[in-house]
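Below is one structure; the comments refer to it alone.
There are 2 protein chains.
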Amino acid sequence: MASWETYLNEHKSRYLDELIEFLRIPSISSQPEHENDVKRAAEWVSGRLQRAGIEAVQVLSTGGHPVVYGEWLHVDSKPTILIYGHFDTQPVDPIDLWSDPPFEPAVKENRVYARGAADDKGNMLIPILAVEALLNSQGKLPVNVKFFFEGQEEIGSPQLAEFIPSHRDLLSCDLILSADGGQWGEDQPALNLGLRGICALQLDVQAAKSDVHSGTYGGTFMNPIHALVQIIESMHSPDGKIMVAGFYEDVRSLSEAERSHIEAIPYSEDDYKKGLGVNELFGEPGYSTYERAWARPTLEVNGIWGGYQGQGNKTVIPSTAHAKISCRLVPDQDPDKIAQLLIAHIEKHAPKCVNVSASHIPGTAYPYLIPHDHPGNQAARAVHKELYGKEPYYARMGGSIPVCGILLRALGAYAVNFAFGLKDENVHAPNEFFRLSSFERGQKAYCMLLNRLGDWEP
Amino acid sequence: MASWETYLNEHKSRYLDELIEFLRIPSISSQPEHENDVKRAAEWVSGRLQRAGIEAVQVLSTGGHPVVYGEWLHVDSKPTILIYGHFDTQPVDPIDLWSDPPFEPAVKENRVYARGAADDKGNMLIPILAVEALLNSQGKLPVNVKFFFEGQEEIGSPQLAEFIPSHRDLLSCDLILSADGGQWGEDQPALNLGLRGICALQLDVQAAKSDVHSGTYGGTFMNPIHALVQIIESMHSPDGKIMVAGFYEDVRSLSEAERSHIEAIPYSEDDYKKGLGVNELFGEPGYSTYERAWARPTLEVNGIWGGYQGQGNKTVIPSTAHAKISCRLVPDQDPDKIAQLLIAHIEKHAPKCVNVSASHIPGTAYPYLIPHDHPGNQAARAVHKELYGKEPYYARMGGSIPVCGILLRALGAYAVNFAFGLKDENVHAPNEFFRLSSFERGQKAYCMLLNRLGDWEP
């Protein structure tokens with residue numbers, strides 16, 4: 001048998017073709033018209049796991065989008081590693097900003113462009129290929145492996161909060177590897193210690209029973225856009241603090257060690273601003289940019305709409321106005337409690353002359369934090385040092401991966417984030433791409449990490 | 001010679017046939033495919049004026065839709081009255097809500113149903129018929145008459161702001177009668193003393209160069225929706241006053257006489273709320289509902305948008321956020337000055353960490369107010385008292401008709417609103433109609449009014 005390195009090398013072009021095939025499936029989990037495409041993506045993953053030599057592969061229904069499970073459990077004395085990823089994607093709008101159609105993958109300059117390329121199809125395919133290479137080179141795996149891929153990550157994994165605790169035995173493990181995420185830079189690895197949680201609301205304001213003429217009625221009753229704006233504006237202080245009563249109550253303060261881990265990461269304000277394309281940064285006073293992005297909670301309006309949006313003007317006072325609001329949460333905030341505080345705030349600040357309703361948008365997540373010296377992190381750190389020749393940073397992610405909190409709460413196992421996306425890859429935006437160099441490095445890294453974890457005695 | 005009453009009576013059925021012929025022309029000014037129909041309507045009006053005995057009739061080009069001019073100027077010592085109306089119509093959508101095709105007039109229950117029936121073809125044909133009746137019954141007119149009909153009222157008369165001042169001599173007059181508008185009720189006349197002006201802006205906020213992930217970046221820079229909301233919220237006080245510096249500076253206070261005129265009009269708050277479908281009214285403190293609707297300026301957001309508007313949520317911080325803002329203006333506010341004050345306010349309140357731009361939306365109008373005891377109103381009041389057996393209300397309109405302000409500024413002549421539409425006639429909506437009783441009453445009213453104005457010495 002050849003080495004896993006040789007195996008990976010020999011199958012490089014087939015693996016790329018397979019990734020492209022996978023990326024052609026428009027598995028947008030938030031849009032009901034793509035429900036069947038999410039299912040097709042699950043079937044594709046199931047087939048691919050079986051071809052890799054994984055056993056007991058099943059597409060399981062959750063009540064929402066399905067999950068895919070598979071296992072290889074033939075080394076009794078070794079730890080059991082659960083590998084996680086997701087095969088659903090974000091929507092594609094604004095579609096006119098894409099250079100190529102989002103579900104017709106384009107390979108250009110050693111990158112593959114498509115919705116889902118980095119988040120998360122490219123990343124989640126990596127461990128499947130690595131396991132195939134190990135099985136075909138070493139004849140067996142160094143650890144017991146379970147795969148658990150979901151199809152609802154981009155809508156906040158609404159069914160997993162029930163599915164995972166009710167499948168505790170199937171999913172039980174010593175450690176989770178999450179193939180959803182990324183590295184610090186092309187030449188710089190990082191261990192991701194934390195994720196923020198999330199909760200979201202839709203805010204709907206209704207005034208008149210239909211749109212009315214702004215000349216005839218303007219000035220006599222409250223425009224629902226004005227009411228909406230008034231409520232939203234009440235949620236922040238001018239310097240960027242969140243003004244919802246009780247919002248910060250359960251926030252765990254950053255320890256000195258945590259602050260110094262974050263401070264050790266090189267940061268250029270100029271580069272950060274350039275990356276965003278803004279002249280100035282802004283946010284909660286008293287915290288550095290990374291602290292604000294990773295370890296402090298937020299309240300952001302993700303969308304707002306009401307009335308006329310076309311050319312010129314239409315002199316209308318609309319009947320309704322709407323906003324989508326989400327909060328990123330940090331330990332030990334509870335998403336349900338925060339949603340309740342928000343609703344109480346909205347009720348308190350809603351003008352009485354309009355009808356205001358606030359409704360949960362499904363998809364909450366608990367914040368997540370793994371100790372920096374967890375054995376899983378120690379193994380990953382060793383792989384990174386070998387592959388990159390560098391110590392990884394101890395960073396966090398500002399985003400939310402609900403499943404990490406759910407898995408920790410249900411299985412008692414921590415998840416090590418082990419994925420290879422990079423920050424400029426337009427995740428959740430037009431022209432998403434994934435570097436083929438990351439795709440290949442990731443495959444090696446997974447082989448090395450699984451081999452190392454074979455030495456771990458949990 | 002018979003009296004004008006006899007003449008009108010004898011030609012009643014021909015006049016209805018002519019109205020129906022006029023209504024068959026789909027002269028929708030906002031739709032380029034109907035450009036030629038607007039022209040056909042102008043030709044129809046031109047022909048009808050000539051048959052009525054009007055001289056020097058011309059279809060004049062404006063750079064946009066044409067206008068029609070005609071005159072009868074043979075009573076040297078008498079005042080000159082310019083009669084205004086428009087032969088263009090609103091679009092017809094939603095077409096499926098019409099009981100009969102909008103340009104195939106249907107006469108039912110003493111009403112004629114068609115697009116433009118009340119607004120404004122029925123109303124603008126009235127003075128032509130009245131003048132024909134006077135010429136054929138009295139051999140001459142009691143005053144000098146000029147007709148000035150336009151084909152672009154429904155798109156805000158874009159070319160008239162230039163056309164009217166550059167045709168001052170042609171249009172010069174002592175008084176204007178506007179045949180575009182209506183009465184308070186079937187048994188209740190009103191004199192419309194005022195119109196509000198308008199100016200409008202689009203407000204655009206840009207933060208990051210593209211949409212970004214609210215997890216990755218949330219908390220580090222300013223969300224453009226937050227900046228937009230902050231700017232808009234700064235424009236009103238919580239109790240409904242407009243907080244733009246200088247906004248009220250040129251507002252003419254309501255006199256006691258004006259307030260008592262408005263107070264004399266029956267008003268039911270319950271009916272007003274029921275009409276809108278709201279539980280409570282809201283607006284600038286210290287003013288009644290009609291005062292706020294007619295005689296106080298407003299600042300209303302007609303549309304707002306940014307970020308995600310679909311189902312569920314998309315955890316994005318959008319690159320841009322936008323709003324359409326318009327102000328209704330009252331004497332002596334100047335639309336250009338108010339737009340400048342708004343722009344200055346926006347510049348002052350725009351957070352420095354985002355890019356904000358405010359741009360004019362074309363289509364301003366000056367506010368308009370005619371003294372209630374203007375000789376033209378005194379004559380109209382006398383006609384109303386004779387025809388309805390009632391004193392007219394002294395009301396205003398909250399909407400904007402740009403041409404009244406343009407005519408006043410260019411010709412120094414006030415316009416008396418003298419038209420016979422009623423509020424339930426579905427103007428700008430499906431199943432527009434005009435009462436044949438109003439059509440006939442209007443013809444009498446114009447004969448009576450022109451005869452009365454013959455006694456006026458301006």
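Protein sequence lines, in the order shown, are assigned to chains P and U.
Take 1 as the starting number for the first sequence in the working numbering and just add one per residue.
Take 1 as the starting number for the second sequence in the working numbering and just add one per residue.
Glycine included, each C-beta is placed from N, C-alpha and C at the ideal position.
So residue i contacts chain U; which residues on that side make the cut at Cβ distance below 8 Å?
i: E132 (chain P); result: Within 8 Å Cβ-Cβ: nothing; E132 (chain P) doesn't reach chain U, min ~31 Å.
i: V229 (chain P); result: V229, I232, E233, V301 and I304
i: T298 (chain P); result: S214, G218 and G219
i: M243 (chain P); result: By Cβ distance, chain U contributes nothing, its closest Cβ being about 12 Å from M243 (chain P), past 8 Å.
i: L281 (chain P); result: T220, F221 and C353
Taking Cβ-Cβ distances shorter than 8 Å, what residues in chain P pair up with residue i?
i: V212 (chain U); result: L276, H428 and A429
i: R328 (chain U); result: S214, G215, G218 and G219
i: R292 (chain U); result: G219 and T220
i: Q311 (chain U); result: S30, Q31 and P32
State the CB to CB distance for the pair residue i and residue j, rounded to an integer number of angstroms; the pair is presumed to be in contact (CB under 8 Å).
i: L453 (chain U); j: P142 (chain U); result: 7 Å
i: G197 (chain P); j: Y366 (chain P); result: 5 Å
i: L49 (chain U); j: F148 (chain U); result: In fact, because the Cβ distance is near 11 Å, the residues do not count as touching under 8 Å.
i: R459 (chain P); j: T89 (chain P); result: In this structure chain P extends from 1 to 458, so residue 459 (chain P) is not present and cannot be described.
i: D37 (chain U); j: S46 (chain U); result: No, D37 (chain U) and S46 (chain U) are not in contact; Cβ-Cβ is about 15 Å, not under 8 Å.
i: L422 (chain U); j: R168 (chain U); result: With 8 Å as the limit, L422 (chain U) and R168 (chain U) do not qualify as a contact, their Cβ atoms being about 35 Å apart.
i: G307 (chain U); j: G303 (chain P); result: 4 Å
Flag residue i as yes if its beta-carbon sits less than 8 Å from any beta-carbon of chain U, otherwise no.
i: E258 (chain P); result: no
i: S400 (chain P); result: yes
i: T364 (chain P); result: no
i: H34 (chain P); result: no
i: K314 (chain P); result: yes
i: E284 (chain P); result: yes
i: A200 (chain P); result: yes
i: H236 (chain P); result: yes
i: H167 (chain P); result: no
i: H360 (chain P); result: no
i: A161 (chain P); result: no
i: I262 (chain P); result: no
Taking 8 Å as the CB-CB limit, is residue i close to chain P?
i: Y308 (chain U); result: yes
i: N223 (chain U); result: yes
i: T289 (chain U); result: yes
i: I406 (chain U); result: no
i: H65 (chain U); result: no
i: K140 (chain U); result: no
i: A207 (chain U); result: yes
i: K324 (chain U); result: yes
Which residues of chain U have a Cβ atom closer than 9 Å to the Cβ of residue i, listed in chain order?
i: V356 (chain P); result: The premise fails here: V356 (chain P) is roughly 12 Å from chain U at the closest Cβ pair, so nothing lies under 9 Å.
i: P91 (chain P); result: Y308, G310 and K314
i: I155 (chain P); result: G312 and N313
i: A118 (chain P); result: Under the 9 Å cutoff, chain U gives no residues; its nearest Cβ is about 12 Å from A118 (chain P).
Could you list which residues in chain P have their beta carbon closer than 7 Å to that of residue i, in chain order?
i: R396 (chain U); result: Chain P residues near R396 (chain U): none, gap ~11 Å exceeds 7 Å.
i: R196 (chain U); result: G215
i: H226 (chain U); result: H236 and V301
Given that residue i touches chain P, what residues does it touch there, using C-beta distances under 9 Å?
i: I317 (chain U); result: E300, V301 and N302
i: H349 (chain U); result: The contacting residues do not exist; H349 (chain U) stays about 11 Å from chain P at best.
i: A321 (chain U); result: V301 and I304
Residue i: beta carbon under 7 Å from a heavy atom of the ligand COA?
i: Q333 (chain P); result: This structure does not include the ligand COA; it has no bound ligands of any sort.
Which runs of the alpha helix (DSSP H) fall wholly inside the segment 311-391 of chain U and span at least 4 residues, in chain order? 335-349 and 375-388
What are the uninterrupted segments assigned as beta strand (DSSP E) that are 3 or more residues long and contained completely in the segment 122-202 of chain U, given in chain order? 144-150, 175-178 and 190-192
Assess, as a yes-or-no matter, whether the segment 335-346 of chain U is touched by the segment 206-222 of chain U under the definition of 3 or more beta carbon pairs within less than 8 Å. Touching, no.
Mind pulling the alpha helix (DSSP H) runs of 4 or more residues that sit fully within the segment 229-286 of chain U? 256-263 and 269-276
Does the segment 354-361 of chain U touch the segment 192-207 of chain U, meaning 3 or more C-beta pairs lie closer than 8 Å? yes
Counting pairs of beta carbons, one from the segment 164-184 of chain U and one from the segment 324-333 of chain U, are three or more of them closer than 8 Å? Remark: fewer than three beta-carbon pairs, one from each stretch, lie closer than 8 Å, so the segment 164-184 of chain U and the segment 324-333 of chain U are not flagged as touching.
If contact is defined by three or more beta carbon pairs under 8 Å, each pair taking one atom from either stretch, is the segment 282-299 of chain U in contact with the segment 413-433 of chain U? no
Indicate whether the contact test is met: 3 or more Cβ pairs, each with one atom in the segment 154-169 of chain U and one in the segment 58-69 of chain U, closer than 8 Å. yes
Evaluate contact between the segment 259-279 of chain P and the segment 273-280 of chain U, counting only Cβ atoms and requiring at least three cross-stretch pairs below 8 Å. no
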